[in-house]
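>
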Amino acid sequence: MVVFPQVALNLLKQIEVHQYDAYLVGGCVRDALLNIETHDIDICTNMPFELLVTVFVDYKPKLFERFGNLTFKVDQYDIEITRFRKEGVYLNHRHPSTLDFEAGLLDDLMRRDFTINGLLYHTTKGILDYVDGMYDIKHRLLRTINDPVLTFQEDYLRMLRLIRFQSQTGFEIEAETYQAWKSNFYKISHLSWNQVRPEFIKLIMTENFVDTVYTHPNVLLFLIDEFKVAYTFDQNNQFHKYNLFEHTLEVMRHLDGLELRLAGLFHDLGKIHTKVVKDNGQFGYPNHAKESEKIAFRYLEGTAINVDLVCKLIRYHDLSIPTDYVAMKKLVSKHGLEFMRMLIDFKKADNIAKSDLAFYQIEKCDQYHRFLDTIEIEKPVLLIKDLDIKGDALGVDAASRKMALEYLLMGVIEGKIENKKEVLLKEVKRWDI
């Protein structure tokens, strides 16, 4: 039995009560058939746009009258409701030149990309399939609804979506569709990075991203220029058994979460610009983290992504950390527990993707995590606000308070000063400003 979110069914009924047709379509139906949790609900309907706005006004939707759709959020679901439409000729390989809102349901389906995204659900008719999408789901195939060459020529971004769906579902690409993709994917570079970035971000978060890129390396080579060099870049260093392209993917294989995966993607690309030959003939890469951070920022700036976090992870990924509890407390005091957990996860993944000579670093990362576990349990004083004294009680001038508090905090963290007001006061009197 196929189960849809109750939110989706309620929205359909809100349209149907006005005697208009409404269908769930696209990823919502596909994911339900695959028993995958979805957070996107797409609805197509013949309800006039003006009435859609009135019916759903309480949801405070964003209106896109030119495209005949509106969007809003209900709980964890992103909702998009669109009028049936037929698209005119594509002029810029991304968007149609005209939209016809007098179109019918089948016209609307024929404008869609892949058969698995062309399935419908109606509250009384159930699943409707006019494009053989059920067959392709059963046989785990990805196929375009229309001629694949024309489909990709209309909208180059569909070629990246195809790879994202393969990585997401594990489906095989149907032969004719694959040949058209293979022959035309280079054209994706004609789109701007801003146009492809949202789809690319979805791709790197799929479960099979690493193996998908090994199979289709052009996905990186045509989207991020630095990977054209990284693809054959021999790191020529005893601590590395992979070239730069392979190392990047193997690091990402062991990372979860958007910011960590993005940090993994960009973290060593600066090596391309910082390579030096050492006396022993091997390569070194001084300040490559700084250069990698610049590259990441260039590709990610202006997005809703936590770019500062991604860049900070890259900046510190080669940080040398003593296997010492006090040293870890100081780092948590400076960067926070959550960041340090992420950084250690990153460092561990980085070292897993190196040669056996880096194995000792993996063991150190496990020790770092044990330190962090202890900090989380014991909750030692790590911040100025947790000292048993306030700045105005120190008896020093205002200009010196911050410095005095930092001195006291370091003493408490190192275990040299007890965190009691009278002890702290006594210590500050001994302190040499």
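Residue 438 is where the sequence shown ends in my numbering, and the numbering goes up by one at each step. Glycine residues also receive a C-beta, built at the ideal position from the N, C-alpha and C atoms. Values in this document were obtained by computation on a predicted structure and should not be read as measured data.
Could you tell me which whole alpha helix (DSSP H) segments of length 4 or greater appear in the segment 296-352?
Entirely contained in the segment 296-352, the alpha helix (DSSP H) runs reaching 4 residues are, in chain order, 312-321, 330-340.
> Pop quiz: residue 396 and residue 406 are said to be a contact at Cβ under 8 angstroms. What is the actual Cβ separation, rounded to whole angstroms?
About 4 angstroms; that satisfies the 8 angstroms criterion.
> According to DSSP, residue 49 sits in a beta bridge with which residue or residues?
According to DSSP, residue 49 bridges with 28, 87.
> Quick one: what's residue 369 bridged to in DSSP?
According to DSSP, residue 369 bridges with nothing at all.
> Per DSSP, residue 281 forms a beta bridge with which residues?
Answer by DSSP bridge pairing, in chain order: 289.
> Write down the C-beta distance between residue 334 and residue 385 rounded to the nearest angstrom, noting that I regard them as a contact closer than 8 angstroms.
Yes, residue 334 and residue 385 are in contact; Cβ-Cβ is about 6 angstroms, under 8 angstroms.
> To the nearest angstrom, report how far apart residue 223 and residue 62 are at their CA atoms.
Going from the Cα of residue 223 to the Cα of residue 62 covers about 44 angstroms.
> Thinking residue 293 and residue 269 are a contact (beta carbons under 8 angstroms), I'd like their distance in whole angstroms, please.
The Cβ separation is near 14 angstroms, so there is no contact.
> Measuring CA to CA, which of 126, 230, 246 is closest to residue 362?
When each option's Cα is compared against that of residue 362, the closest is 246.
> What does DSSP give as the partner residue(s) for residue 147 in the beta ladder?
According to DSSP, which records beta bridges pairwise, residue 147 is partnered with 178.
> Based on the DSSP output, what are the partners of residue 79 in its beta bridges?
Answer by DSSP bridge pairing, in chain order: 82.
> Return the CA-CA distance between residue 353 and residue 367, expressed in angstroms with no decimal places.
When rounded, the distance between both Cα atoms is 5 angstroms.
> At the level of alpha carbons, what is the spacing between residue 54 and residue 127?
Computed Cα separation, rounded: 20 angstroms.
> Could you tell me the boundaries of the beta strand (DSSP E) in which residue 132 lies?
Looking at the DSSP string, the run of the beta strand (DSSP E) that includes residue 132 is 131-133.
> Let's test the definition: count the other Cβ atoms within 10 Å of the Cβ of residue 12 and tell me whether it reaches 16, buried, or not, exposed.
The residue is exposed, with fewer than 16 neighbouring Cβ atoms inside 10 Å.
> Using CA coordinates, which residue listed in 97, 350, 332, 52 is at the minimum distance from residue 22?
Comparing Cα positions, the closest option is 52.
> In angstroms, rounded to a whole number, what distance separates the CA positions of residue 252 and residue 418?
C-alpha separation (whole angstroms): 37 angstroms.
> Measuring alpha carbon to alpha carbon, tell me which of 299, 145, 273, 221 ends up nearest residue 322.
Taking only the C-alpha atoms, the option nearest residue 322 is 273.
> Let's see if you can read the secondary structure: which residues bound the beta strand (DSSP E) around residue 67?
Residue 67 -> beta strand (DSSP E) spans 67-69.
> Residue 125 lies in the beta strand (DSSP E); which residues open and close that run?
Note, residue 125: beta strand (DSSP E), 125-127.
> Look at the Cβ atom of residue 311, then the Cβ atom of residue 264, and state whether they are nearer than 8 angstroms.
Cβ atoms of residue 311 and residue 264: closer than 8 angstroms.
> Go to residue 415, then tell me how far its alpha helix (DSSP H) extends in each direction, as first and last residue.
Counting along the chain, the alpha helix (DSSP H) containing residue 415 begins and ends at 403-418.
> Identify whether residue 439 lies in helix, strand or coil by the three-state DSSP scheme.
Limits of the chain in this structure are 6 at one end and 438 at the other, which puts residue 439 out of reach.
> What number of angstroms, rounded off, separates the C-alpha of residue 9 from the C-alpha of residue 330?
If you take the alpha carbons of residue 9 and residue 330, they lie about 50 angstroms apart.
> State the start and end residues of the unbroken alpha helix (DSSP H) segment that holds residue 250.
Where residue 250 is concerned, the enclosing alpha helix (DSSP H) stretches over 249-258.
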